[in-house]
Amino acid sequence: MRNRKKLDISAYFVVGPENTKGRPVGQIITDVVEAGFTCLQIRSKTASASEMIELTREAAAILAKFGRSDQVTLLVDDRLDVVLAARKQGIKVDGIHVGQSDIPVEVCREYLGEDSIIGLSARTHELFDYIKTTDVGQIDYFGAGPLHETQTKPDCGLGPDGKVITRSFSDISKLARLSPVPVVIGGGVTLCDIPELARTGVGGFFVVSAISEADDPKAEAVKLIEAWKANKPCKE
Ligand SMILES: Cc1ncc(COP(=O)(O)OP(=O)(O)O)c(N)n1
Ligand SMILES: Cc1nc(C(=O)O)sc1CCOP(=O)(O)O
Ligand SMILES: [Mg+2]
1 MRNRKKLDIS AYFVVGPENT KGRPVGQIIT DVVEAGFTCL QIRSKTASAS EMIELTREAA
61 AILAKFGRSD QVTLLVDDRL DVVLAARKQG IKVDGIHVGQ SDIPVEVCRE YLGEDSIIGL
121 SARTHELFDY IKTTDVGQID YFGAGPLHET QTKPDCGLGP DGKVITRSFS DISKLARLSP
181 VPVVIGGGVT LCDIPELART GVGGFFVVSA ISEADDPKAE AVKLIEAWKA NKPCKE
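When you line the sequence shown up against full-length UniProt numbering, it's residues 1 to 236, in that order.
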């Protein structure tokens, strides 16, 4: 399994069948792998466990075909059962991403083992408290957001008054500075956000729709990576 020290969350693609406008998930995963994305997460709120296992199998096979299994981290969102079942079937899946109301990270760690990757998410302001009060030794990275309101996850950042609270670049910089583990930022992220996000010092960005809904997902994936590396203003 993955050496936890090798984790690269700089360009992180999250996807499920509900995000691709009816196009095959495998084709879009192929596009992002060819473009050079470093992390993949299979996330679906509609797929069954067996569909999730098949998607994970397909993603792992694509990574193997391109010789990227040891460089690109493959994770599953929420579903510890899916990760365990996939591994039992010999699929190389590196770990899991969970949120505050999902299976606790300690349980994930116990079942997945020391070398697995475990990501944890929370709203950015909650992470400030979390960092102060919790032993983050079980976690490999934090996923935080949303940078912008997003239709992909309309409930994210929802405050008690029903309004979405988004995160400023200055909050994100502070989080990057204080967090003992790398931070990846998502939620409505598009090409134009990348240069400023790169300047905050976070470990990377995560996207769904910027790629999964693009007319040309591969071209979009390439542009996102180039922008992250170049730190230049965007030209859309
Ligand atoms: C990299 C990354 N960051 C945050 C999330 C959101 O996780 P969660 O809050 O558990 O919400 P769902 O994705 O489960 O709806 C994520 N999936 N990935
Ligand atoms: C899965 C997820 N988590 C978020 C968070 O802020 O925790 S935002 C998000 C969805 C991101 O999709 P898109 O790139 O299409 O906006
Ligand atoms: Mg979750």
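Every residue, glycine too, gets a C-beta built ideally from N, C-alpha and C.
What you are looking at is a predicted structure, and each value in this text was computed from that prediction instead of being measured.
- [ ] List the DSSP bridge partners of residue 42.
- [x] Paired residue(s): 15 and 76.
TODO: Please indicate yes or no: does the CB of residue 121 lie closer than 7 angstroms to some heavy atom of ligand 4?
DONE: In terms of ligand content, the structure shown lacks ligand 4 and carries ligand 1, ligand 2 and ligand 3 instead.
Open item on the list: Between the alpha carbons of residue 1 and residue 149, how many angstroms are there, rounded?
Closed with: For residue 1, the predicted model reports a pLDDT of 47, less than 50, meaning its position is unreliable and no value from the coordinates is stated.
Task: CB contact check: residue 8 to chain C, cutoff 8 angstroms - done: Among the chains in the structure shown there is no chain C, since it carries only a single protein chain.
TODO: Please find out if some non-hydrogen atom of ligand 2 comes closer than 7 angstroms to the beta-carbon of residue 192.
DONE: Outside the cutoff, so no.
Open item on the list: Which complete beta strand (DSSP E) runs does the stretch 59-128 hold, if anything under 3 residues is left out?
Closed with: Entirely contained in the stretch 59-128, the beta strand (DSSP E) runs reaching 3 residues are, in chain order, 73-77, 95-99 and 117-123.
TODO: Quickly, what does DSSP pair residue 206 with across the bridge? List them, please.
DONE: In the DSSP output, where bridge partners are listed per residue, residue 206 has 12.
Task: Range of the contiguous beta strand (DSSP E) that encloses residue 142 - done: First-last of the beta strand (DSSP E) with residue 142: 141-145.
Open item on the list: Could you check if residue 98 belongs to the surroundings of ligand 3, using beta carbon to heavy atom distance under 7 angstroms?
Closed with: With a threshold of 7 angstroms, the Cβ atom of residue 98 counts as near ligand 3, since some heavy atom of the ligand is closer than that.
TODO: Tell me where the beta strand (DSSP E) around residue 165 begins and ends.
DONE: DSSP places residue 165 in no beta strand (DSSP E); its state is neither H nor E.
- [ ] Would you please state the rounded distance, in angstroms, between the beta carbons of residue 77 and residue 217? I believe it to be under 8 angstroms.
- [x] Contact doesn't hold; Cβ gap of about 19 angstroms is too wide.
Open item on the list: Does the stretch 204-212 come into contact with the stretch 145-161, if we say contact requires no fewer than three beta-carbon pairs (one atom in each stretch) closer than 8 angstroms?
Closed with: Cβ pair count under 8 angstroms is three or more, so yes.
Open item on the list: Considering only heavy atoms of ligand 1, does any lie closer than 7 angstroms to the CB of residue 12?
Closed with: Result yes, Cβ under 7 angstroms from ligand 1.
Open item on the list: On the criterion of 16 or more Cβ atoms from any shown chain inside 10 Å, does residue 160 qualify as buried, or is it exposed?
Closed with: Looking at its Cβ environment, which holds fewer than 16 other Cβ atoms inside 10 Å, residue 160 is exposed.
Open item on the list: Going by the DSSP bridge assignment, what does residue 185 pair with across the sheet?
Closed with: For residue 185, which the question treats as bridged, DSSP gives the partners 144 and 205.
- [ ] Can you grab the Cα-Cα spacing for the pair residue 40 / residue 162, in whole Å?
- [x] So the two alpha carbons sit approximately 31 angstroms from each other.
Open item on the list: Which residues does DSSP list as the beta-bridge partners of residue 158?
Closed with: DSSP output for residue 158 lists 164 as bridge partner(s).
Task: Alpha-carbon spacing of residue 225 relative to residue 97, whole angstroms - done: Whole-angstrom Cα-Cα distance: 22 angstroms.
Open item on the list: Helix, strand or coil for residue 217? Go by DSSP, reduced to three states.
Closed with: Note: residue 217 maps to helix in three-state DSSP.
- [ ] Inspect the CB distances between the stretch 171-190 and the stretch 117-130 and report whether three or more fall short of 8 angstroms.
- [x] Flag = yes, the stretch 171-190 and the stretch 117-130 touch.
Task: Endpoints, alpha helix (DSSP H) assigned at residue 35 - done: Per DSSP, residue 35 belongs to the alpha helix (DSSP H) from 25-35.
TODO: Report yes or no: do the stretch 130-145 and the stretch 45-64 share at least 3 C-beta pairs separated by less than 8 angstroms?
DONE: Touching, no, given that fewer than three Cβ pairs across the two stretches are closer than 8 angstroms.
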